[in-house]
Amino acid sequence: MGFHRGVSILSINDYLVLFGLIIILALAFTIFDSTKKRRRFRFELPQIKTELICVSCGLREIRNFKEDDYISKITDEKCKKCGGNLKVHLIYAQPKREAM
Amino acid sequence: MDIHLILQSSFGDVDLVTILLFYIPFLIFLLYGQRIQFQMALMEVGGMLAQLEKMKNIASVETLNALKKWAKEGVDVEKELRILLESFMILPESMDPAGIVRKVEHIVNVRDDKLAADVKRILKDDVDNSLVRNLENMIEASIALEVIYKIIRHYYLLAKKMGNLMLVIQLQMLTPLIFNEAKAYLSAVFAFKLGAPIGDSIGPLVIHKLLTGNECKRQLAKDTDVYETYIEGRKVYLVKASGPGGNVGKPGEAIKKIIEEDGSIKGVIMIDAALKLEGEQSGSVADGIGAAIGGIGVEKFKIEEVVTKYNIPVYAIIIKQSLLEAISVMRKEIANAIEEVHKRIKKIILENTVEEDSIIIVGVGNTIGVP
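Chain order of the listed sequences is A and B.
Just so you know, we're using our numbering here: the first sequence kicks off at 23 and counts up by one.
Just so you know, we're using our numbering here: the second sequence kicks off at 196 and counts up by one.
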């Protein structure tokens, strides 16, 4: 690197080395980018929630989904407030970060 | 002449290593640029292909395990599943399109019946019909993944064999979209395994939530329930596929029979899940005109034929969602749309019919998890 009146001046040599390095970096980045795409697949099951409603008092309860749940199924669970039967009102998925 | 003198006269005070470092990459890119691009694209598509293979393997293993759980003793489930996954359907010739809908319907019916019979043959006799339907749906999602994988593999290997850059570039552009579709089918496999409602079940769910339990129920077409009730003084026929097994029924056939049976139908309201455009909110509701129904087109054709013949208006209410949301377990924002859809149904009924009129409301979609 040369100096001219107190200001650093890059020589042609330095420019060429810099340019060569940029090309090598760009190539490395492209290779890294395409290998990253190879590793990208990730499959996560969402949290599935079942919303139950008491057929007597209308109290709502939310719990995790059980495999034989379907809409309007009268479950064998009882309402915490009145002891009435609980019916499946809704079944829905929540992304993991929103799940309770 | 001395090489150093030549270099000095051409490049000034620059050493040989720097010159090589600068010019060699240029020469490489100039001469082999296309080949490098081809290899890079091929590597990317290859990576995607490996992921697609992983997805289709997960789907087939899940389906195999679900089948094994309910299979008859002595049945080679793995072999039977392999045969089903390799099965295909040839659509009729469309060179002379007259009457093609009937031909397509026939082929699709035969294919559905064959798949149902094949699955039942594997399973124990006492297996519930809903479960059989869910397993059929699991197999169909696995077939879709199998087909996607095979097609992408075909073009990948072809491009590799031919050294065809254009082919591999097209694949590189398409694979992210195809990858998303494959991901949707994989989540469908899990949703059908669990028997939970999927995004597409919103149509049947809207109808189910209109029922009070006192309605008269009939089955007017294969796997399709029709309930008769009254809303705002109008006689209403509620149509949905028979649940809670995964099933889409034959809504077109049911609508046709109702219209031919009841001469006072003043409108048909169709509720269905529709693919949203990027940027649109999932679970948002829109209404319009026309037969809101997807699939291969047979049911849509039948509905359009009959409503045109009897000059009956068709209203559509759609619940927007992505393909992934439509075939994976229903998200809360989609389930929350039910109330809004009920409001829109009431509005359409009040604005377009008078008391004593009859109207048909159809919940289109897969009724998994919705009885």
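A virtual CB, placed ideally from N, CA and C, is assigned to each residue, including glycine.
Here's the rule: buried if 16 or more other CB atoms are within 10 angstroms of the residue's CB, otherwise exposed. What is residue i?
| i | result |
| --- | --- |
| Gly297/B | It is Arg, not Gly, that sits at residue 297/B in the sequence shown. So Arg297/B counts as exposed. |
| Arg230/B | exposed |
| Ile285/B | exposed |
| Gln476/B | exposed |
| Gly105/A | exposed |
| Cys101/A | buried |
| Ile397/B | buried |
| His403/B | buried |
| Met368/B | exposed |
| Asn442/B | buried |
| Ile453/B | buried |
| Lys435/B | buried |
| Ala339/B | buried |
| Thr52/A | exposed |
| Pro446/B | buried |
| Cys124/A | As shown, chain A starts at 23 and ends at 122. That puts residue 124/A outside it, with no answer to give. |
| Leu433/B | buried |
| Lys267/B | exposed |
| Thr419/B | buried |
| Glu520/B | buried |
| Ser289/B | exposed |
| Met243/B | buried |
| Pro292/B | exposed |
| Thr503/B | exposed |
| Met525/B | buried |
| Gly438/B | buried |
| Leu40/A | exposed |
| Phe217/B | buried |
| Val450/B | Looking at the sequence provided, one finds Ile at residue 450/B rather than Val. Flag for Ile450/B reads buried. |
| Asn506/B | exposed |
Who are the neighbours of residue i on chain B, taking C-beta pairs under 8 Å?
| i | result |
| --- | --- |
| Ala50/A | Near Ala50/A there are no residues of chain B at all, since even the closest Cβ is about 13 Å away, more than 8 Å. |
| Leu38/A | Val209, Thr213, Ile214, Leu216 and Phe217 |
| Phe54/A | What Phe54/A touches in chain B: nothing, since even the nearest Cβ is about 12 Å away. |
| Ile96/A | Within chain B, no residue comes near Ile96/A; the closest Cβ sits about 11 Å away, beyond 8 Å. |
| Gly42/A | Thr213, Leu216, Phe217 and Pro220 |
| Glu89/A | Leu389 and Gly390 |
In this structure, how does DSSP classify residue i when only helix, strand and coil are distinguished?
| i | result |
| --- | --- |
| Ile93/A | coil |
| Arg64/A | coil |
| Ile507/B | coil |
| Asp482/B | strand |
| Met465/B | strand |
| Asp552/B | coil |
| Asp55/A | helix |
| Asp36/A | helix |
| Glu423/B | strand |
| Val443/B | coil |
| Lys430/B | strand |
| Phe25/A | Confidence in Phe25/A is poor, its pLDDT being 49 and thus under 50, which makes the residue's placement unreliable; the coordinate value appears in the next sentence. Of the three classes helix, strand and coil, the one that applies to Phe25/A here is strand, per DSSP. |
| Thr562/B | coil |
| Ile513/B | strand |
| Asn86/A | strand |
| Ile113/A | strand |
| Leu569/B | This structure does not reach residue 569/B, given that chain B is present from 196 up to 566, and the question cannot be answered. |
| Asn531/B | coil |
| Leu415/B | strand |
| Leu74/A | strand |
| Asn107/A | strand |
| Gln127/A | Any answer about residue 127/A is impossible in this case: the structure gives chain A only from 23 up to 122. |
| Ala121/A | Model confidence at Ala121/A stands at a pLDDT of 41, short of 50, so the residue's coordinates are unreliable; what they give is reported in the following sentence. Three-state DSSP puts Ala121/A in coil, outside helix and strand. |
| Lys100/A | strand |
| Leu81/A | coil |
Going along chain A, which residues have a C-beta under 9 Å from residue i?
| i | result |
| --- | --- |
| Met368/B | Ordered by position in chain A, no residue passes the 9 Å Cβ test against Met368/B, which lies about 13 Å from the chain. |
Cβ closer than 8 Å: which chain A residues qualify as neighbours of residue i?
| i | result |
| --- | --- |
| Ser523/B | Pro68 and Ala115 |
| Leu381/B | Phe65 |
Could you work out which residues of chain A lie near residue i, taking near to mean beta carbons separated by less than 7 Å?
| i | result |
| --- | --- |
| Arg526/B | Tyr114 and Ala115 |
| Phe385/B | Leu67 |
Find the residues of chain B that neighbour residue i, judging by a C-beta separation of less than 9 Å, and give them in chain order.
| i | result |
| --- | --- |
| Pro84/A | For the record, residue 84/A in the displayed sequence is Ile; it is not Pro. Near Ile84/A there are no residues of chain B at all, since even the closest Cβ is about 10 Å away, more than 9 Å. |
Find the residues of chain E that neighbour residue i, judging by a C-beta separation of less than 8 Å, and give them in chain order.
| i | result |
| --- | --- |
| Gly80/A | The structure shown has no chain E; the protein chains it does contain are A and B. |
For a test of your reading of the model: does the CB of residue i fall under 7 Å from any non-hydrogen atom of the ligand PLP? Yes or no.
| i | result |
| --- | --- |
| Ile84/A | Ligands in the displayed structure: none, and consequently the ligand PLP is not present. |
Quiz item: Which full runs of the alpha helix (DSSP H) of 4+ residues lie inside the stretch 384 to 413 of chain B, going along the chain?
Solution: Counting only runs of 4 or more, we get 397 to 403.
Exercise. List in chain order: all unbroken alpha helix (DSSP H) runs of 4+ residues lying wholly within the stretch 281 to 350 of chain B.
Key: DSSP assignment within the stretch 281 to 350 of chain B yields the following whole alpha helix (DSSP H) runs of 4 residues or more, N-terminal first: 295 to 317.
Exercise. Would you check if the stretch 548 to 564 of chain B and the stretch 458 to 469 of chain B touch, i.e. whether three or more CB-CB distances between them fall below 8 Å?
Key: Enough Cβ pairs lie closer than 8 Å, so yes.
Quiz item: Are the stretch 480 to 500 of chain B and the stretch 509 to 521 of chain B touching, with three or more C-beta to C-beta distances below 8 Å?
Solution: Contact between the stretch 480 to 500 of chain B and the stretch 509 to 521 of chain B is present: 3 or more CB-CB pairs across the two stretches fall below 8 Å.
Practice problem: For the stretch 212 to 222 of chain B and the stretch 341 to 357 of chain B, state whether three or more C-beta atom pairs, one from each stretch, are separated by less than 8 Å. | Solution: No, the stretch 212 to 222 of chain B does not touch the stretch 341 to 357 of chain B.
Quiz item: Is it a yes or a no for the stretch 356 to 365 of chain B touching the stretch 271 to 282 of chain B, going by three-plus beta-carbon pairs under 8 Å?
Solution: Verdict: no, contact absent.
Quiz item: Is it true that the stretch 542 to 552 of chain B meets the stretch 490 to 501 of chain B, where meeting means three or more beta-carbon pairs spaced less than 8 Å apart?
Solution: With a cut-off of 8 Å, the stretch 490 to 501 of chain B and the stretch 542 to 552 of chain B do not count as touching, because too few Cβ pairs lie within range.
Quiz prompt | Validate contact between the stretch 109 to 119 of chain A and the stretch 406 to 418 of chain B using beta carbons, cut 8 Å, 3 pairs | solution = Not touching, per the Cβ criterion.
Exercise. Decide yes or no for the touch test of the stretch 383 to 401 of chain B against the stretch 326 to 344 of chain B: beta carbon pairs closer than 8 Å, at least 3 of them.
Key: Short answer: they touch.
Quiz item: If we count Cβ pairs, one from each stretch, closer than 8 Å, do we get three or more for the stretch 318 to 326 of chain B versus the stretch 298 to 308 of chain B?
Solution: Segments in contact, no.
Exercise. Evaluate contact between the stretch 360 to 367 of chain B and the stretch 236 to 248 of chain B, counting only Cβ atoms and requiring at least three cross-stretch pairs below 8 Å.
Key: The stretch 360 to 367 of chain B vs the stretch 236 to 248 of chain B: in contact.
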